Every structure is written in C-alpha cells, then in structure tokens.
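Novice:
In our numbering, the protein residues as written are 281 to 577.
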C-alpha cells in the first residue's frame with residue numbers, strides 16, 4: 281500500500297509536467313513558424329522587385345507588356361551593353377567619385393568631432409553638441425537658393441566639389457551623433473593607458489579609438505554611401521554639365537532619350553542598384569553590429 285501511494289504521486293506529477301509542457305512547446309513552435317513566415321514574406325517583398333527589375337532588363341518591350349511577371353525568353357545582353365554605352369558608364373563613374381569622397385570626408389570628420397566631444401575635455405562641449413544637433417533641423421531643400429548663390433560665388437558650381445561639400449556638410453551632424461553614441465561608452469582605461477605610454481590625443485584617436493570603433497564606422501560609411509549614391513535634388517540643381525551628372529540624374533536624362541525602350545532603362549537601373557547591394561552584403565555584419573551596439577549604449 282505504501283509503495284502504491286508513493287508511486288502514484290510521482291506518476292501524477294510526471295503526467296502533469298507532460299500535459300503542461302506540450303502546450304508550451306506547441307506555442308513556441310507556432311510562434312517560431314509565424315516569425316519565420318513573416319521574415320520570409322518580408323524577404324520576398326524586398327527581393328522580388330529587385331529580381332523583377334534585373335530580369336526585365338533581359339526582355340524586349342513586347343515581353344515586358346505581355347508577360348510582365350514571366351521570365352525572359354532569352355538573355356538579351358545587348359540591352360545592358362546599350363545602356364552602358366548610352367552613358368551609364370559615365371554616370372556610374374561620377375557617382376563612384378562623389379560617393380567615395382563623401383564617405384571618407386564625412387566619416388573622418390564626424391569621427392574626429394565625436395572623439396573630441398566625448399573623450400576630450402573641451403570648453404563649451406555641451407554647447408557645441410547642441411549646435412551640431414541643430415544642423416539636423418535644416419532641410420536641404422529649403423537651402424537650395426542660398427546654396428546656389430554660395431557655390432556660384434566661390435566657383436564650385438557645376439563641379440564634383442559642389443556635391444562632395446554639400447553631401448558632407450549635411451550628413452556630418454547625424455554621423456557625429458551616431459559615432460558619438462558608440463564612442464561614449466568605450467572604456468576610459470584605454471585612453472589612460474595610452475596616455476601613460478606617452479601617446480598624444482591624436483595618436484590615441486588614430487591607433488586606439490578608431491580601431492575600436494570599426495563597427496560604427498562601417499555603419500556610418502554604409503549609410504553615407506546610400507545617401508550619396510541615391511541623392512537627387514542637389515545633383516539636379518548644382519550640376520548641369522552632362523559629363524558630371526551622377527546616376528540618379530543621369531538615368532532621368534537617359535530616359536528622355538530612350539522614350540519607350542524600357543528594357544534598356546531597366547538594365548541601367550539594375551546596374552545603378554548593384555553597387556549598393558554588393559556593398560551592403562559585404563559590410564552587413566559590421567553594419568548591424570555597429571547600429572545595435574550604438575542603440576544599446
């Protein structure tokens with residue numbers, strides 16, 4: 281009798297754990313399936329337009345209008361070659377020059393400013409931070425007329441420098457606070473150890489702080505690349521020479537020449553989108569790490 285009484289509670293308790301554990305596991309499985317389904321749907325919604333654009337670049341006009349969602353009958357590389365010859369190569373080169381210069385300038389200037397704000401004891405440091413923050417309140421389109429007069433007076437209108445200077449100036453405030461949020465939580469002990477070893481503030485910045493801030497620097501560079509590569513208003517207003525136009529403005533001008541030759545136009549758009557996709561795929565780990573750590577801090 282005693283053995284029976286001892287056995288039943290154990291079995292009952294074990295049965296209770298099974299009955300209560302199974303619904304929990306089922307809910308977990310259902311939640312995971314829903315999560316993966318949402319992610320898969322989001323991935324399709326993002327990737328399918330890009331894939332459609334690339335495939336449409338291999339079609340002809342008849343296939344685009346009669347079979348817009350179908351596969352091309354053959355790979356017509358001549359569409360891509362024609363788009364390249366019609367000016368994509370020139371616009372592509374201009375965008376590479378402007379984007380590369382603004383990435384280097386914006387990242388280095390913002391990193392140096394963020395280092396001074398959060399790692400050095402500067403007079404009126406809070407006031408300087410608020411002044412930089414005020415730069416985020418200025419809309420670029422509101423300043424088009426004053427900027428046009430300024431660039432014309434200093435001889436920068438219709439040059440690469442017009443876009444490089446403006447892209448850098450308007451992105452520095454945001455990039456400073458992005459990098460500052462990351463640098464401000466770096467341990468002070470590394471600065472003190474470098475100072476004891478005889479390093480100057482400049483040496484600490486280049487040899488200690490910048491290598492430790494690599495994730496947020498990659499994030500800032502990628503965001504700047506996306507902005508400079510796709511920016512339209514400044515490139516339209518401050519550059520009139522066709523040989524200096526960047527891809528967004530150049531493709532618009534090319535569309536007016538192509539009229540209804542949509543496959544060639546879509547091939548040009550695909551070539552314009554490819555560099556940013558490749559750049560993000562290369563730096564995605566550092567990009568996500570920099571943003572998540574910066575937000576967490």
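Glycine included, every Cβ here is placed at the ideal spot set by N, Cα and C. All values reported here derive from a predicted model rather than from experimental measurement.
Out of 459, 335, 486, which one is the CA nearest neighbour of residue 471?
Specialist: 486
Novice: Does the segment 456-472 touch the segment 513-526, meaning 3 or more C-beta pairs lie closer than 8 Å?
Specialist: no
Novice: I need the straight-line Cα distance from residue 362 to residue 353, nearest angstrom please.
Specialist: 19 Å
Novice: Pull up the CB-CB distance for residue 505 and residue 383, whole angstroms please, since I reckon it's below 8 Å.
Specialist: 6 Å
Novice: Considering only their Cβ atoms, is the gap separating residue 368 from residue 548 smaller than 7 Å?
Specialist: In contact: residue 548 and residue 368 (Cβ atoms closer than 7 Å).
Novice: If I'm right that residue 420 touches residue 513 with Cβ under 8 Å, what's the distance once you round it to whole angstroms?
Specialist: Taking 8 Å as the upper bound for CB-CB distance, residue 420 and residue 513 are in contact here, some 7 Å apart.
Novice: Indicate whether residue 539 and residue 333 have their beta-carbon atoms separated by less than 7 Å.
Specialist: no
Novice: Nearest to residue 449 by CA position, among 415, 501, 474, is which residue?
Specialist: When only C-alpha atoms are compared, the closest one is 415.
Novice: Quick one: what's got a C-beta closer than 7 Å to residue 535's C-beta in the same chain, skipping five residues either side?
Specialist: Result list for residue 535: 545, in chain order.
Novice: Can you give the Cα-Cα distance for residue 396 and residue 409, rounded to whole angstroms?
Specialist: 10 Å
Novice: Enumerate in chain order the residues of its own chain whose CB-to-CB distance from residue 501 is below 6 Å, with the five nearest sequence positions on each side excluded.
Specialist: 383, 387
Novice: Closest to residue 427 by C-alpha separation, out of 402, 517, 339, 465, would be which residue?
Specialist: 517
Novice: Got a sec, what are the start and stop residues for the alpha helix (DSSP H) residue 495 sits in?
Specialist: From DSSP, the alpha helix (DSSP H) with residue 495 extends over 494-510.
Novice: With DSSP collapsed to three states, give me the class of residue 541.
Specialist: coil
Novice: Just curious, the alpha helix (DSSP H) that residue 489 is in, first and last residue?
Specialist: Element bounds for residue 489: n/a, residue is neither H nor E.
Novice: Can you find the residues in the same chain that come closer than 7 Å, C-beta to C-beta, to residue 394, ignoring five residues on each side of it along the sequence?
Specialist: 456, 459, 460, 463
Novice: Could you give the first and the last residue of the continuous alpha helix (DSSP H) run that contains residue 423?
Specialist: From DSSP, residue 423 is part of no alpha helix (DSSP H); its letter is neither H nor E.
Novice: Can the beta-carbon of residue 378 be found less than 7 Å from the beta-carbon of residue 440?
Specialist: yes
Novice: Does the beta-carbon of residue 473 have 16 or more other beta-carbons within 10 angstroms, so that it is buried, or is it exposed?
Specialist: exposed
Novice: Considering just the uninterrupted stretch of the alpha helix (DSSP H) at residue 387, what are its terminal residues?
Specialist: 369-399
Novice: Looking at the secondary structure, which residues open and close the alpha helix (DSSP H) in which residue 469 lies?
Specialist: 468-476
Novice: Which residues bound the alpha helix (DSSP H) around residue 344?
Specialist: First-last of the alpha helix (DSSP H) with residue 344: 341-346.
Novice: So, residue 380 versus residue 438, is the Cβ gap smaller than 7 Å?
Specialist: no
Novice: Within its chain, find whatever has a CB closer than 7 Å to the CB of residue 451; leave out the 5 residues flanking it on each side and keep chain order.
Specialist: 386, 504, 507
Novice: Can you tell me whether residue 528 is helix, strand or coil according to DSSP?
Specialist: helix
Novice: Once the 5 residues before and after residue 447 are set aside, which same chain residues still bring their CB inside 6 Å of it?
Specialist: Shown here for residue 447: same chain residues with a beta carbon closer than 6 Å to its own, the five before and five after excluded, namely 382, 508 in chain order.
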